[in-house]
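Those protein sequences? They're chains A and B, same order as listed. Last residue of the first sequence: number 499 in the working numbering, and the count goes up by one each step with no gaps. Last residue of the second sequence: number 1398 in the working numbering, and the count goes up by one each step with no gaps.
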Amino acid sequence: MTKIYDCIIIGAGHNGLVAAAYLARQGKKVLVLERRAIVGGSVVTESFGENFQADSIYAGGTLRPDIIKDLGLDTSEKNTRSTRPPFISLQADGNHLILDAESIKRISEKDAARWPEFVRFMNKAAYILDAAYATIMPRLSTLPRLPMNFGIREGYGLLELGLELRLAGRKDMLNFIRALPMTAQELAEEYFESEIVKAAIASVAIHGSTLGTMSAGTGYTLIHNWLNRGGLANINVGKAGEITQTLANAVKSFGGEIRTEAEVANIKVENQIAKGVVLANGEEISANQILSSADPKHTLLKLVGAQDLPPEFIWHTQSIKMRGSVAKVHLQTNGEHGIPAGTVVLAPSIKYLERAYDAAKYGEISEKPYLEVTTSGNVVSIHFQFAPYQLKTGDWRLDGKKVEKFAIVALSEYFPNLQSLISNSHVITPLDLETTYGLAEGDLNHGQLMLDQFLFMRPIPGWSNHKTPIDNLYLCGSGVHGGGGVSGAAGRNVVKVLK
Amino acid sequence: MEKLRTTPFHERTSALCQPQNWRKWAGYFAAGSYEHTLDREYWAIRNSAALIDVSPLIKYVIKGKDAAALLHRVTTRDIHKMKVGQVAYTGWCDEEGKLIDDGTVTRLEESTFRLTAAEPNLRWLTMNAVGMDVKITEVTDDVAALSFQGPNTRKVLNIVAEKPVDELKYFRMMKNKINGVEVTISRTGYTGDLGYEIWMDAKDALPIWDKLMEVGSDYGIAPVGILAMDMARVEAGLFMLDVDYTSASHAWIEPQKSSPFELGLDWTVALDKPGYFVGRRALEREKREGSTWKMMGLEVDWVGMENIFKQVGLPPQIPGMAVRGSLPIFVGNVQVGYASTSTWSPVLKKYIALAHLQKPYFEIGMDVRMEITVEHHRQHAPAKVVKLPFYEPEWKKK
């Protein structure tokens, strides 16, 4: 142990890298430790064979604009909302529907007329959520009295947020609050009459979550995903890896270090104070502060260990709902798949989506799945729901092929030649998400985005300010407030908490 | 409806319990006293040998590679320092450093411990054992226990037990045999006198009781109920859950909770022990900042009592047993605390109480007044704050 770092960041996912970049920019001596040979976490572009490259998990994405600005990341000609790729709902007649005011007209004049108001509200709601995500939540304790460290400082953040929300307008604010616990179905029905439009919108609400379109709280997840994407469609498809590569370069340019193939086996704790980390190879590295962008369960129960944590805290941590049910299927084709560019969803009706989710409830793979398809040249990438991590019967070491089959069968209804064009495939099961990408239980969000796991209840009630019962150990991954999906908010926010 | 259960000694104790003043103790029948007055039982504790059925004590056997680690984490003592055969009295706290319960930890073997408790703690223990290789078994019904207290107990045990107990030191345990049956004997008790606790398989209970009563008859043995023990334990400065403090796990409001420091258990809180234990942070803070409450002894001034009672033409009247009722304590007209248990101490010839006092009134020698009721009128008897215990005979630890 020759070198002592100011900060060690566990995990070179986008949140870890954002935190590292901010801290390195401040002049801190920063070391990022990544288990895999490449940086990026679940925001990564990988090659699965010759001429077979794709965004492994998230199809593209973008960081919050303030992060891009703060860190001076090069984003020339990318991400601009005016050049957004389309969001398309597959139609049996081949006349696929683009979700915009102009195209919706052919389905429903009424819906087309309502479209601008829907987009306006969603943008406003996303703006409000963004403000909430930029506010460190105070430690609203489960104790009958305020925790001793609830200070004026924590209150200020909320006050600012309150002001911000006040300025957002009373009516929109009320509608925002009302929308959070609603089901995606109800929210979509408030605006639209045609099933196709409602279902297409609702599909974005359940994207990445183990929830159905009729589950409470999918109003919230719709706003959440809308915020991260800046609308319905994914942006920067095929360029997920560029985001994290750019971040990694930023970290290095600020003087930070990144070590890959450096798996953290545990966090060294002495008398409830984090002192450093021990790598899987036995190497010990000391640091004044440890930030973990790994999920809270892994960080706390595995890297720290229950023995060093208070009992109530452990119970809550154990109870964090992960339950991932996403699989990815990447298909290498000859390029003549005919799938339009943009974000293409198989979401024919609200009920179809709900039934796809039903399977997950019973530990089954959806035979008629919800699919979100993106293409990158010859490669077709399919986001598959639902493929629950916990299977009632079966084993994810064997069942990846099932997912691939169900996906291809479902898509072949719209693209009959697809099967014959495939030269190679790569399936990422929920188990792969866990073992390869470090997503416990295959949960993309490090903890389901549910109403009882958001704001001051994320990751657990009373501990929403990135801190843990271990001094100098902070959480900065998707599992904390602001996190979930690609945004970098959690990595950005943690820096405000560090002294 | 919940039915009270009987202990393995019930066949004997019920035949002897003349006043039928059964008390409820942790869901079991416990004899309040065996005679109509407490004198003989009390003096058996102090002068000869008292045989007390303490089987209702809740008991756990904690076994496994991480048994020590679990108890180290849950309790405030440094369990890793305990040797096999050692017994440690300890409290255990919630994360806020407030006492949940108290009892003894006995290291029966390297990785086997017995923990006693006043209330069920299985859930708490289990929830603290996450990720540990440990098995927690409640053995309350399987293990019968006798508290054998008083200056003659060593002599009786030396006759009754296979191995002599002369070498058994204070808060140590030994494996032994009585009637050829295996028992463990610990030099522990709840009276502040020389004494032992005998732990045995429930099925062996009656013959062991009979043997002790038979041999003990030459040494003034008496079966003793929990009322006399209650007087002795106040003299010894020992408090009781639900009487002198409320468990943090079911206090309604914060002020009902107590920290180990507030109850004078400073010596049991090993803040220097390595690693996390539940409540560590809060206890460190309290140690640093000082406690706002403290349990102390209170000696009521007898001349003051006489003066008050004289006004109505009576000599001082006090109950003949320990009173488990809260009595306000004043300095001037300000209430500064309360007594949670008060009793006449026959051996000291003093009216004493366990008093909870607010800072700065818990200093030794402080003059305070305790509320008493004289012919239906509230009066304040002068009293002095003293250190605990009130009574500690030189043979207790010898």
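Beta carbons: idealized from backbone N, C-alpha and C, even for Gly. Please read these numbers as outputs of a predicted model, since none were measured by experiment.
{"Item": "Does the contact criterion of 3 or more C-beta pairs under 8 Å hold for the stretch 1061-1073 of chain B versus the stretch 1248-1255 of chain B?", "Value": "no"}
{"Item": "Considering B:Glu1197, what are the terminal residues of the alpha helix (DSSP H) in which it resides?", "Value": "Note, B:Glu1197: premise wrong, no alpha helix (DSSP H); beta strand (DSSP E) at Gly1195 to Asp1201."}
{"Item": "For A:Trp463, return the contacting residues in chain B, with the cut-off set at a CB-CB distance below 9 Å.", "Value": "Going along chain B, no residue has its Cβ under 9 Å from A:Trp463, so there is no contact; the nearest lies around 12 Å."}
{"Item": "Consider the Cβ of B:Val1130: report whether some Cβ of chain A lies at a distance smaller than 7 Å.", "Value": "yes"}
{"Item": "Within 7 Å of any Cβ in chain A, is that where the Cβ of B:Tyr1276 sits?", "Value": "yes"}
{"Item": "Is B:Tyr1028 near B:Pro1223, with beta carbons less than 7 Å apart?", "Value": "no"}
{"Item": "Could you pull out every residue in the same chain whose Cβ sits closer than 6 Å to the Cβ of B:Trp1022, ignoring the five residues on either side in sequence?", "Value": "Phe1029"}
{"Item": "What residues of chain A sit near B:Met1127, judged by a beta carbon separation below 7 Å?", "Value": "Pro311 and Trp315"}
{"Item": "Buried or exposed, going by whether 16 or more other CB atoms sit within 10 Å of the CB of A:Met93?", "Value": "The question names Met, yet the displayed sequence has Asp at residue 93 of chain A. A:Asp93 should be labelled exposed."}
{"Item": "Using DSSP bridges, identify the partner residues of B:Asp1102.", "Value": "B:Gly1091"}
{"Item": "In angstroms, rounded to a whole number, what distance separates the CA positions of A:Val480 and A:Glu160?", "Value": "20 Å"}
{"Item": "Could you please give the first and the last residue of the uninterrupted alpha helix (DSSP H) stretch that includes A:His316?", "Value": "Pro311 to Gln318"}
{"Item": "What would DSSP say about B:Glu1306, mapped onto helix, strand or coil?", "Value": "helix"}
{"Item": "Does chain B have any CB closer than 7 Å to the CB of A:Ala113?", "Value": "no"}
{"Item": "Could you tell me whether the Cβ of B:Glu1095 comes closer than 7 Å to any Cβ of chain A?", "Value": "yes"}
{"Item": "The alpha helix (DSSP H) that contains B:Lys1359, what's its start and end?", "Value": "Element bounds for B:Lys1359: n/a, residue is neither H nor E."}
{"Item": "Using the beta-carbon of each residue, which ones in chain A are nearer than 8 Å to B:Arg1073?", "Value": "Gln307"}
{"Item": "Taking 7 Å as the threshold (C-beta atoms), are A:Thr375 and A:Ile339 in contact?", "Value": "yes"}
{"Item": "What separation, rounded to the nearest whole angstrom, lies between the Cα atoms of B:Ser1055 and B:Phe1148?", "Value": "12 Å"}
{"Item": "Would you mind working out which of A:Ala265, A:Asn236 and A:Ala360 sits nearest A:Leu279, comparing C-alpha positions?", "Value": "A:Ala265"}
{"Item": "So, using beta-carbon positions, are B:Gly1339 and B:Ala1322 closer together than 7 Å?", "Value": "The sequence as given places Ala at residue 1339 of chain B; Gly does not occur at that position. Cβ atoms of B:Ala1339 and B:Ala1322: not closer than 7 Å."}
{"Item": "Relative to the C-alpha of B:Gly1180, which residue among B:Lys1163, B:Thr1116, B:Gly1192 and B:Gly1097 is closest?", "Value": "B:Lys1163"}
{"Item": "Would you mind stating whether A:Thr210 and A:Arg323 have Cβ atoms separated by less than 7 Å?", "Value": "yes"}
{"Item": "If you measure between the beta carbons of A:His96 and A:Ile88, is that distance less than 7 Å?", "Value": "yes"}
{"Item": "List, from N- to C-terminal side, the beta strand (DSSP E) runs of 3 residues or more that fit wholly inside the stretch 422-462 of chain A.", "Value": "422-428"}
{"Item": "Would you say A:Gln26 lies against chain C (beta-carbon separation less than 7 Å)?", "Value": "Reference to chain C is not applicable here, since the protein chains of this structure are A and B."}
{"Item": "Please give the ranges of any beta strand (DSSP E) in the stretch 323-411 of chain A, keeping only runs that are unbroken, at least 3 residues long and fully inside the region.", "Value": "326-333, 343-346, 370-376 and 379-385"}
{"Item": "Can you look up B:Tyr1391 in the DSSP assignment and give me helix, strand or coil?", "Value": "coil"}
{"Item": "Return helix, strand or coil for A:Tyr191, following the three-state DSSP convention.", "Value": "helix"}
{"Item": "Give a yes or no on whether the C-beta atoms belonging to B:Thr1191 and B:Ala1236 are separated by under 7 Å.", "Value": "yes"}
{"Item": "Here's the rule: buried if 16 or more other CB atoms are within 10 angstroms of the residue's CB, otherwise exposed. What is A:Gly27?", "Value": "exposed"}
{"Item": "Whole angstroms are fine: how far does the CA of B:Lys1155 sit from the CA of B:Tyr1170?", "Value": "16 Å"}
{"Item": "Taking only three categories from DSSP, how would you classify B:Tyr1170?", "Value": "coil"}
{"Item": "Considering only C-alpha positions, which residue in the set A:Ala347, A:Gln91 and A:Gly162 is nearest to A:Lys198?", "Value": "A:Ala347"}
{"Item": "How about A:Ile8 and A:Ala287: are their beta carbons less than 7 Å apart?", "Value": "yes"}
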